[in-house]
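Accompanying notes for the structure given below.
Numbering (this note's numbering), first residue to last: 14 to 169.
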């Protein structure tokens, strides 16, 4: 696997079979190599070589399990837009480092334009979210504005 901050370099082309492998793994990362090979029209040995090459080249960056948020005590999810009042390098780095360190933050994106950040926060309930915003998020220096958005319905 590639180093965390190393840029992707795809010296080798991703061909039709590689794309087929990627599509199968995107839907089912636990598929056996034998089943994967069958689905993409290869025998197991060359299929495994291709998967390993895709991993080494940084095309496949990892595998994960999707966990039911309710089972993990994080069923209450809020989308938050954050704007910074101060945007110097030290403030930005400090904000990103501190916010990324919280378990409640499941996604943190720095945006072009406004808002400066898009944050997905998952907590047990509304009270835990309010506590996180008050005791953690709003204590980070440089904040100008925090807008929270509750999801009515998850469509996709």
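Yeah, the Cβ is synthetic: ideal placement off N, Cα and C, and Gly gets one too.
Under the DSSP assignment, residue 135 falls in the beta strand (DSSP E) whose first and last residues are 130-136. The DSSP-derived three-state label of residue 144 is helix. Rounded to the nearest angstrom, the gap between the Cα atoms of residue 85 and residue 113 is 19 angstroms. For the set 56, 67, 61, the Cα lying nearest the Cα of residue 26 is the one of 67. Residue 77 and residue 42 have their alpha carbons spaced roughly 8 angstroms apart.
Between residue 162 and residue 97 a beta carbon distance of about 18 angstroms is seen, past the 8 angstroms cut, so the two are scored as non-contacting. Around the beta carbon of residue 136, a 10 Å sphere encloses 16 or more other beta carbons of the protein chains shown; the residue is thus reported as buried. For residue 100 and residue 89, the gap between their C-alpha atoms comes out near 30 angstroms. Distance between residue 147 and residue 46, taken at the CA atoms: about 48 angstroms. For residue 48, the enclosing alpha helix (DSSP H) covers residues 46-53. By the criterion of a C-beta distance shorter than 6 angstroms, residue 59 is surrounded by no residue of its chain, once the five residues flanking it on both sides are discounted.
Using a Cβ distance threshold of 9 angstroms, residue 120 and residue 132 count as a contacting pair.
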